[in-house]
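Colleague: Read left to right, the sequence shown gives residues 1 to 227 (UniProt numbering).
Yeah, the Cβ is synthetic: ideal placement off N, Cα and C, and Gly gets one too.
This one's a predicted model, so the numbers in the text were calculated from it and none came from an experiment.
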Amino acid sequence: MATYSRLQKPDTMPSEAPPHIKEHTVNTLYLGSGSPRRMEILTQLGYRVVKLPAGIDETVKAGETPAPYVQRMAEEKNQAALTLFCETNGAMPDFPLITADTCVFSDGIILGKPRSQAEAIEFLNRLSGKQHTVLTAVCIHYRGKTSSRVQTNRVVFKPLSSEEISAYVQSGEPMEKAGAYAVQGIGGIFIQSIEGSFSGIMGLPVYETVSMLQDLGYRPPLSALKP
């Protein structure tokens, strides 16, 4: 299991919001994603989450490998969401802005979200009976600093029959999921073993995300609990 990270300061944005801008409450996060799974993970941790999704071009560049690709996606999503917030509010957000991207890597090919049922079937046939890699990149902007990290997992699928694949695709669950399956859903029955983080495969690795927030100076959810 590998982790890649970098910390940078943006060149074009002010370092922090004016002191009179107070959008919400302590333990609030902005989530630059429409993913209900990432929302669920952060909410379960005790954060108040405000959605701030912004679309980007997710095309893989020629020769791009999985870790740089997901890290670039998470960082570009963060920049797009940050720009949208600043244009809308005229100031930087008071609270951390989190974005993430997940991809599946199998047999030298990056598998994103299937664009059709036929592609979902193709993805699942590729994963059947093999080990593949799931990478999730997290990018967080807070008070003028941007940190990003890639978390890596290994997953082994059982051999899948054509009937299982067809029924699963017909359920609709594989669509809008990297690699055409949901580890927390019906797709979980196909998984023989996992090495890494369940939440990372789901789309937002909890340990890495909270560690990054702490490194940027934002309190962890436990600090809000009363003895």
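Do you know offhand how far Lys158's Cα is from Gln151's?
Modeller: Rounded to the nearest angstrom, the two C-alpha atoms are 23 Å apart.
Colleague: Give a yes or no on whether the C-beta atoms belonging to Asp215 and Ser148 are separated by under 9 Å.
Modeller: No, they are not a contact pair.
Colleague: So what does DSSP say about Lys77, is it helix, strand or coil?
Modeller: Three-state DSSP puts Lys77 in a helix.
Colleague: Please state the DSSP three-state secondary structure of Arg48.
Modeller: Strand at Arg48.
Colleague: Which stretch, first to last residue, makes up the beta strand (DSSP E) that contains Phe95?
Modeller: Phe95 -> no beta strand (DSSP E), and no H or E assigned at all.
Colleague: In the DSSP output, what is Cys86 paired with across the bridge?
Modeller: DSSP, once it has assigned bridges, lists no residue as partnering Cys86.
Colleague: Looking at the structure shown, is Glu195 part of a helix, part of a strand, or coil, going by DSSP?
Modeller: In the structure shown, Glu195 sits in a strand (DSSP, three-state: E or B).
Colleague: Classify Ala17 as helix, strand or coil using the three-state DSSP reduction.
Modeller: In this prediction, Ala17 has a pLDDT of 32, which is less than 50 and means its spatial position is unreliable; what the coordinates show is noted afterwards. DSSP places Ala17 in coil when its eight states are reduced to three.
Colleague: Assuming Leu204 contacts Arg72 under a Cβ cut-off of 8 Å, what Cβ separation, rounded to an integer in Å, is found between them?
Modeller: Their Cβ separation, rounded to whole angstroms, is 18 Å, which puts Leu204 and Arg72 out of contact at 8 Å.
Colleague: Asn153 bridges to which residues according to DSSP?
Modeller: Val134.
Colleague: Go ahead and pull the three-state DSSP assignment for Tyr30.
Modeller: In the structure shown, Tyr30 sits in a strand (DSSP, three-state: E or B).
Colleague: When you compare the CB positions of Ile186 and Ser171, do they come within less than 9 Å of one another, or not?
Modeller: Cβ distance < 9 Å, so Ile186 and Ser171 count as in contact.
Colleague: With burial defined as no fewer than 16 other Cβ atoms inside 10 Å of the residue's Cβ, what is the status of Gly217: buried or exposed?
Modeller: The residue is exposed, with fewer than 16 neighbouring Cβ atoms inside 10 Å.
Colleague: So what's Thr3 in DSSP terms, helix, strand or just coil?
Modeller: Residue confidence is low: Thr3 scores 46 on pLDDT, short of 50, so the model does not pin down where it sits. Its coordinate-derived value is still stated next. Three-state DSSP puts Thr3 in a strand.
Colleague: Considering Leu213, what are the terminal residues of the beta strand (DSSP E) in which it resides?
Modeller: Per DSSP, Leu213 belongs to no beta strand (DSSP E); it is in the alpha helix (DSSP H), Val206 to Asp215.
Colleague: Can you grab the Cα-Cα spacing for the pair Glu75 / Cys139, in whole Å?
Modeller: About 6 Å.
Colleague: Tell me the rounded alpha-carbon separation between Phe95 and Arg143.
Modeller: Rounded to the nearest angstrom, the two C-alpha atoms are 8 Å apart.
Colleague: If we count the other Cβ atoms within 10 Å of its Cβ and call it buried at 16 or more, is Pro36 buried or exposed?
Modeller: It counts as exposed.
Colleague: Taking contact to mean at least 3 C-beta pairs separated by less than 8 Å, is the segment 119-129 in contact with the segment 46-61?
Modeller: No: fewer than three Cβ pairs fall under 8 Å.
Colleague: So what's Ile110 in DSSP terms, helix, strand or just coil?
Modeller: It is a strand residue.
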